[in-house]
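Position 229 (the sequence shown) corresponds to 906 in this note's numbering; numbering is contiguous. The beta-carbon is built from N, C-alpha and C at its ideal position, and this holds for glycine as well. The model shown is predicted, which means the values in this text are computed figures rather than measured ones. Structure record follows, encoded as C-alpha cells.
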Amino acid sequence: MARTRRGCHEGRRSCRREEDIRGNAFRDRRASAGRRQLIRSLALALTVLLCPFATAGAMEIERVVSPGGIEAWLVEEPSIPVVVMEVAWKGGTATDPADKTGLANMVSGLLDEGAGDLASAEFQERLDDVAAKMSFSAESDYFTGSLTTLADRRDEAFDLFSLAITEPRFDEEAVERIRAQIETIVSRNRDSPDWIAANAWYKTALGDHPYALANEGTPESIPRIARADLQDFAARVFARDNMKIAVVGPVSAAELGTLLDRTFGALPEKADIPAIPDVEIAPDGQVMVVVRDFPQSVVIFGLQGLSRDDPDFIPAFVMNYVLGGGSFSSRLMEEVREKRGLAYSIGTYLHPLDHAAMIFGQVGTKNERVGETLAIVRKEMARMAKEGIGEEELTDAKTFLTGSYPLRFTSNRSIANQLLGIQLEDLGIDYVERRNAMIEAVTQEDIARVAKRLLKPENMLVAIVGKPDLSPDSGLPEKDDMAPASPPHPGGMPN
C-alpha cells in the first residue's frame, strides 16, 4: 500500500525501504494460513540470519538482458539460498485521477488477493506452500513489487508473481474488504498529527499538483473506485517499457534471463501513463496552523530542494547531514535538544521526486515552545548559508556517510532495494563504486555555495498541528498574518 509521506537523506529510494503500511490489518486469513505464514517467514528469516552477505565493495552487479529484451540488474549470491526480486513501474499515486485518489494504493493491496484461477485464499495458500513472500506498494512516482523466496521454490514463486501482475482477479469480496480496511486507515489518519501536518504542508506548497493529493485516498474518493478502474490501472501501468528490476540470490545470468521472460513476457510492450508537470515550492515563507487539542505541536518545515541529477545534489546531501540529517551530531539537534531541551529529536532530509524536490524538516515540541524552536531553525539555516561549515564538521560528515554506506547492503533484500533505487535515479550501474569518492570530493566551498543557494529561511513554508502559543511574545507571526488553514476533512487533509 502507499507509504507514509517521508523522504530519505540521499534520494527517495536510496535509503532502506519502509515496511508495507498494510501490516497485519491487510491480512485477514484463517488460522491455518497464519501458521503457514509464520513457518514461511521463520524459514526465510533464519536462512538470512545464518548466512554471510556480500558487501557493497565486494559484490559484482551484472546487467542481464533476457532473450525477449527484458533488462534487470543481478547480484549472484550463491552462499544464500534466498532469491529476492524488487520491481518498479513508473506510474504511481501521482497518476491517480483527481476524483479517484487512492486508486494505485488500492491496486497494491489487491494484486495478491487472487489471480488467474486462484481466488484470494487459494493464492495465499499457494504462496505459503512455496515459502514465498510477495508485496506491492504505491509510491508517488512508482508502483513497486517485491518477491522473496527460497531458491528451491524459485520458479513457482516467480510464476505466482507473474500471475498477480498479468491476471489479477479484483474479485468483489476482496475489493470490498480491502476498501473497508483502507477507509479505516484513512479515518485513523485524522488523529495523526504527523499525517495532518505533512498533508497540510503538501497542499499549501503544491496546490492542485498531483503530489499534493492524499496517496491513500479520501473518504470521498475511495468509494468511487470501481473494479473497472482497478483493471484499467493494471492494464496501463504494468508494461515492459517502464519497468526496472533488481534480483539478488543464487541465480545465474542465463537462469535469470529465462525467468524474466517467463515472469514479465506477457506484459504489454508500452505503458500508457499521463504526463505529470514539474512544480516548485512557492517561496513565500507562510506559516499555517491546524488547531488540534494535542499536548504538543508537530511542526513540518520545508524549502525548495534539488533534483537528484543536479550537480549540487551530493554537496547538498553532505550539507544536510551537518544541518539536521546527522541525528545526534547535527547542528539542529545540538541547538534544539542538547542545549535547550526543546524536543526529543529534530531532523531534516532531502526529498527529490521526479517532478519536484524539497528539503524537509520535522520537530515535535511543547505548544508554548513552537515559536522559539522555529526561531532556532531559521537562525541555524541563516548561519550555515552565511558561514558554511567547519573543516572538522565536513570531515566527520564524510567519515559517517562513507563508513555507513556498506550497511545498506547487509541482506539480499537490502541489496536488491539499493540496486532498484540506483536504477530509478538513473545513477549508473557503477554508482556503488563511485558514490563514496563523490562524497570525499565535496569541499567546504561546495557546501558554502549550496547552503547559500538552498537555505533561505525567509522562504521556509511551515505547517503546525497542535495548539501553539500565538501570543505576541511567541515568536510566531500574528494570527492575521498566517496562511489560512481550514480544519481537515474526515480524512485528515486540509480543505
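Residue range 739-742 is occupied by the beta strand (DSSP E) that includes residue 740, with no alpha helix (DSSP H) assigned at that position.
Distance from the CA atom of residue 1062 to the CA atom of residue 744, rounded to whole angstroms, is 53 angstroms. Counting only runs that start and end inside the segment 883-939, the beta strand (DSSP E) elements of at least 3 residues fall at 920-926. Per DSSP, the continuous beta strand (DSSP E) segment holding residue 810 begins and ends at 809-815.
If you draw a straight line from the Cα of residue 1122 to the Cα of residue 994, it is about 14 angstroms long.
Restricting attention to 958, 920 and 973, the CA atom closest to the CA of residue 949 is found in 920.
Annotation for residue 791: 797, 800, 846, 848 and 851 place their beta carbon closer than 7 angstroms to its own, counting only its chain and skipping 5 residues before and after. Taking the Cα of residue 759 as reference, the smallest distance to any Cα among 974, 866, 828 and 856 is reached at 828. Where residue 1058 is concerned, there is no enclosing beta strand (DSSP E), although the alpha helix (DSSP H) around it starts and stops at 1047-1064.
With a cutoff of 8 angstroms on beta-carbon distance, residue 1124 and residue 1065 are scored as near each other. Between residue 925 and residue 761, the beta carbon gap of about 5 angstroms places them in contact (Cβ cut-off 8 angstroms). Approximately 5 angstroms separates the beta-carbon atoms of residue 739 and residue 751; this is inside 8 angstroms, confirming the contact. When C-beta atoms of the segment 977-994 are compared with those of the segment 1014-1027, three or more pairs fall below 8 angstroms, so the two segments count as touching. Counting other Cβ atoms within 10 Å of its Cβ, residue 775 stays below 16 and is therefore classed as exposed. Unbroken alpha helix (DSSP H) stretches of 4 residues or longer found wholly inside the segment 976-1001: 990-997, given in chain order. Three or more pairs of CB atoms, one per stretch, sit closer than 8 angstroms, so the segment 1129-1145 contacts the segment 953-966. Unbroken alpha helix (DSSP H) runs of no fewer than 4 residues, entirely contained in the segment 1085-1152, are found at 1089-1101, 1108-1117 and 1121-1131, following chain order. By the neighbour-count criterion, in which 16 or more other beta carbons inside 10 Å mark a residue as buried, residue 757 falls on the buried side.
By the neighbour-count criterion, in which a residue is buried when 16 or more other Cβ atoms sit within 10 angstroms of its Cβ, residue 838 is buried. One alpha carbon belongs to residue 1023, the other to residue 1127, and they sit about 21 angstroms apart. Separation of the CB atoms of residue 863 and residue 893 is rounded to 5 angstroms, and the pair is thereby assigned contact status at 8 angstroms.
Annotation: residue 901 to residue 767 spans about 24 angstroms, alpha carbon to alpha carbon. In the displayed model, residue 947 falls within coil according to three-state DSSP, outside both helix and strand.
DSSP places residue 1074 in the uninterrupted alpha helix (DSSP H) bounded by 1068-1080.
For residue 785, the enclosing alpha helix (DSSP H) begins and ends at 780-787.
Spatial neighbours of residue 1096 in its own chain (CB-CB distance under 8 angstroms, excluding positions within 5 residues in sequence) are listed in chain order as 738, 750, 752, 763, 923 and 925. Comparing C-alpha distances from residue 794 to each of 779, 878, 843 and 877 shows the shortest one belongs to 843.
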